[in-house]
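Sequence positions in the sequence shown follow the working numbering and run 850 to 976.
Report on one structure; see the data block that follows.
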Amino acid sequence: MITHAEANRLYGGSVEQGHTFLFNLNESYIIDGNQGGNSARWINHSCTPNCRAEVHVNIDGDTRRDRVIIVTLRDIAPGEELTYNYGIVLEVPHTPRLKRLWACRCGTPRCSGTLLQPRARRRAGAA
Ligand SMILES: [Zn+2]
850 MITHAEANRL
860 YGGSVEQGHT
870 FLFNLNESYI
880 IDGNQGGNSA
890 RWINHSCTPN
900 CRAEVHVNID
910 GDTRRDRVII
920 VTLRDIAPGE
930 ELTYNYGIVL
940 EVPHTPRLKR
950 LWACRCGTPR
960 CSGTLLQPRA
970 RRRAGAA
């Protein structure tokens, strides 16, 4: 795990790389799959995933002990690839060029063509 400040220092330009091994764990830490880690780092994105990633918050409030759990969304056939939606939202506008840079090649019928997810719309009256 690394802090957000360390992630910015190490990978600040990663918005232009079109791929990432970083997983935003909580407000304090990011899991850096570039440094060791386990085989979960190889789970690909899909626009029609068969899993989802959940952050399980430590009951004692210790943010270093929060965990990412991969949960299946349906029965998985033997040998079937596990996928989840990375849910990537960049801090910069999602231009057509960036969408191409973060291209999705999941090949599912509902593929959006990009790993970048629509930004949450602000509620009426939100600051
Ligand atoms: Zn896709």
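For glycine and all other residues, C-beta sits at the position ideal for the given N, C-alpha and C.
These figures come from a predicted structure and were not determined experimentally.
Nearest to I977 by alpha carbon, out of L950, T932, S895, D909? Not covered by the structure: residue 977. The range shown for the chain is 850 to 976.
Helix, strand or coil for T897, going by three-state DSSP, please let me know. As a first step, residue 897 is located in the sequence shown; it is residue number 48 there, counting from the start. Reduced to three states, the DSSP call for T897 is coil.
Spell out the partners DSSP gives N873 in its beta bridges. Locating residue 873 in the sequence shown gives position 24, counting from the first residue. Paired residue(s): I879.
Using a strict less-than 5 Å threshold between each residue's beta carbon and the heavy atoms of ligand 1, what residues do you get? Those satisfying the condition are, in chain order, C896, C953, C955, C960.
By alpha-carbon positions, which one of Q966, R890, T957 ends up nearest to T944? In the sequence shown, counting from the first residue as 1, residue 944 sits at position 95. When each option's Cα is compared against that of T944, the closest is Q966.
Enumerate in chain order the residues of its own chain whose CB-to-CB distance from G867 is below 6 Å, with the five nearest sequence positions on each side excluded. Numbered from 1 along the sequence shown, position 18 holds the residue referred to as residue 867. Once the five neighbours on either side are set aside, the close Cβ partners of G867 are L950, W951.
Would you report the Cα separation of N893 and V917, rounded to the nearest angstrom? The residue you call residue 893 lines up with position 44 of the sequence shown. The residue you call residue 917 lines up with position 68 of the sequence shown. N893 and V917 have their alpha carbons spaced roughly 15 Å apart.
Please classify T944: does DSSP put it in a helix, a strand, or coil? Counting from 1 along the sequence shown, the entry for residue 944 is found at position 95. In the displayed model, T944 falls within coil according to three-state DSSP, outside both helix and strand.
Taking C-alpha atoms, which residue in I908, V906, C896, N857 lies nearest to G936? Walking along the sequence shown from the start, residue 936 turns up at place 87. Considering only alpha carbons, the answer is C896.
To the nearest angstrom, how far is the alpha carbon of T963 from that of R954? Looking up residue 963 in the sequence shown gives position 114. Looking up residue 954 in the sequence shown gives position 105. The alpha-carbon atoms of T963 and R954 are separated by roughly 8 Å.
With 16 other CB atoms within 10 Å as the buried threshold, where does A926 fall? Here residue 926 corresponds to residue number 77 of the sequence shown, with the count starting at 1. Residue environment: A926 is assigned as exposed (fewer than 16 neighbouring CB atoms within 10 Å of its CB, all protein chains considered).
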